[in-house]
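First the structure, in the form of structure tokens, and then the observations on it.
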Amino acid sequence: MKDLIFVFIFLILFSSRIENALPSRLYVWRVGQGQWITWVKEQNCLHFDMGGESAPTRFIQKLCRDKKNSLFLSHADLDHIRFIPWGKKNLANLCLHELPRETLNEKKRRLITSLPLCTFNSELVEDISITYFKKKNANDLSRVFLLKSSNRYTLIPGDSTTSAEHYWSHKISNLNITLLILGHHGSRYSTGDNLLAKLSYLRQTICSARKKRYGHPHADTAQRLIRRGLPLIATELWGNLSYEM
Ligand SMILES: [Zn+2]
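So the sequence shown is numbered by my numbering: it starts at 271 and just counts up by one.
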């Protein structure tokens, strides 16, 4: 009986820790040209963009439909937002963390603002984009997300450009970032040497694109990675990817 009481007290005291300790996974979906990444946790699904040409919606629905779903948007290009109508319909409580930073046309504004804004924050996701960076196009203004898991970081730069990288990359110097989703699908105008020089713990890079559409990943970007001995995995070739966080 004493033992049982002890187990009960232990469970009450440590149940929240046990929950936090349950492994969560990061999925980089094969969506053709575009981006949709989901961090699946015990109670939540955090989506980083919701775009692409096609997506394994049934599988995503199975994983996330009964959880709290929230969306972090890098920017509002179609290849990052196309599946928002699907998400609204099929994922419970889908909310948006923040509006994109660029000026939206009426159609995109209507679509994006039809999502309620989230009333909670995730301390495991940091938006490290620089607000004072003044450029005109949506890619320059793309939000950049840093995900903190047990003892490492994942970097999701959206479609951020090399010139934008110059402004935010100092924020990640010396961080233990082991996984990088290539900015702008591996375009030659992202993932510059200046950024790579700050990623000394990097072990793997991922390209979410369809080569025939815009030639991503570009050969110049691939060369920059090869020079540093960094492996590049393309969802187009490897399919949906998943990592323990
Ligand atoms: Zn894009």
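The beta carbon of each residue, even a glycine, is placed where N, CA and C say it ideally should be. Predicted model, so just to flag it, every value in this text is computed and none were measured.
Not one heavy atom of ligand 1 sits closer than 6 Å to the Cβ of D319. D319 and I307 do touch by the CB rule: their CB atoms are close to 7 Å apart, below 8 Å. DSSP places K481 within a helical segment (H, G or I) once states are collapsed to three. Taking a 10 Å sphere around the C-beta of G509, we find fewer than 16 other C-beta atoms and assign the residue as exposed. Following the DSSP letters along the chain, one finds T432 in no beta strand (DSSP E) but inside the alpha helix (DSSP H) bounded by residues T432 to W438.
Here H350 carries a helix assignment [DSSP, helix/strand/coil]. Secondary structure of T491 (DSSP, three-state): helix. The beta carbon of L445 sits closer than 7 Å to those of Y423, all from its chain and outside the five residues before and after it, given in chain order.
Secondary structure of E506 (DSSP, three-state): helix.
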